[in-house]
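Before any comments, here is the structure.
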C-alpha cells in the first residue's frame, strides 16, 4: 500500500470506535501522524498500540465531541504539537433509540448532542487550522436515507451531518478545503450490535433484524471497508471531490 499521507497530520474524532479505529490504523499505516480522539481511554489505548505496532505515529487525546471546549483544546493541541492539521475525520454518535411517539424531549436532544452538533463543532474549529489541501470526512449513516420507525433521533441527526457537510464544502472550497461524507450501512462493529438490540427492544416483535441478509451483497460490511472509503476521500486522489456523499452499504440503498 502506498503512503498517501506522508507528512500529514490527521485528527480522528471517535478514533476508538470500530470505524474510527480502522481509520486510525489505515492513516497511520500510510504515513500520517494520527491523533486518536475519543472519550474511551481504554479502547483508545488499544488503537494506539495497534498503530504503533505497525510503525505508525499516533497519540491519544481525550475528546467529548459534544463539548466545544474539548474541540478548542484538540485543535490547539494539533497546532502546538504538530503545527498543522491536514485531515479531520468525525465518526461518532450520541443518544438512544426511540420512535416519534416514545422518545422523550431529552432523548431527542441527546440524539443530536454529539451526532450532529459535535460534527459542527469539530468542523468549525478545524477550519481555523486546515489550509490548502485540507480534507474533512464526516461519517453519516444509511439511516439518514432509510430510517426505521424506532430510530427517529439518530436518523435525523445523521441526515443533518450530510447536509452540513455540503454547506461546509461550499464554504471551504475557496480555501482549498474539501468536505465529504461517507455513509455506511450495516457495519460489523460494537455500535451496530448495541443498536440492533436497542431497536429490537423498541419494536413490536422484539426480534433483531438480520442486516446482512438484507444487503444485496449478502453480508454486513467490515470497518476496514468503510475506512478505505474515508481515506480515499481524505487523500490527494480525491482532490477534485468535495460536497460528495459516498455510500458504503453493500447495495442496501438501491433496494
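Residue numbers (the working numbering): 1 to 255. Every residue gets a Cβ at the ideal spot worked out from N, C-alpha and C, and that includes glycine. Just so we're clear, the structure is a prediction, and the values are computed from it rather than from any experiment.
- A Cβ-Cβ distance of about 15 Å is found for the pair residue 171 and residue 132, leaving them out of contact under the 8 Å criterion.
- Each of 58, 66, 93 was checked against the Cα of residue 78, and the nearest Cα belongs to 58.
- Under DSSP, residue 13 shares a beta bridge with 37, 90.
- Cβ-Cβ distances below 6 Å link residue 3 to 30, 31 in the same chain, with the five nearest sequence neighbours on each side left out; the list follows chain order.
- Judged by beta-carbon spacing, residue 130 lies beyond the 8 Å limit of residue 74, meaning their Cβ atoms are not closer than that value.
- Sequence-distant partners of residue 181 (beyond 5 residues in either direction) whose C-beta falls short of 6 Å from its own C-beta, in its chain, are 138, 140, 162, 165, 245.
- Secondary structure of residue 135 (DSSP, three-state): strand.
- DSSP places residue 220 outside both helix and strand once states are collapsed to three, so it counts as coil.
- With respect to the 8 Å criterion, residue 94 and residue 66 are classified as neighbours on the basis of their beta carbons.
- Counting only the Cα atoms, residue 68 lies some 21 Å from residue 82.
- When secondary structure is reduced to three states using DSSP, residue 184 falls in the strand class.
- Shown here, residue 60 sits in a strand according to DSSP, grouped into three states.
- Cβ-Cβ separation between residue 191 and residue 18: approximately 6 Å, consistent with a contact (criterion under 8 Å).
- In this structure, residue 7 lies away from residue 28, with their beta-carbon atoms at least 8 Å apart.
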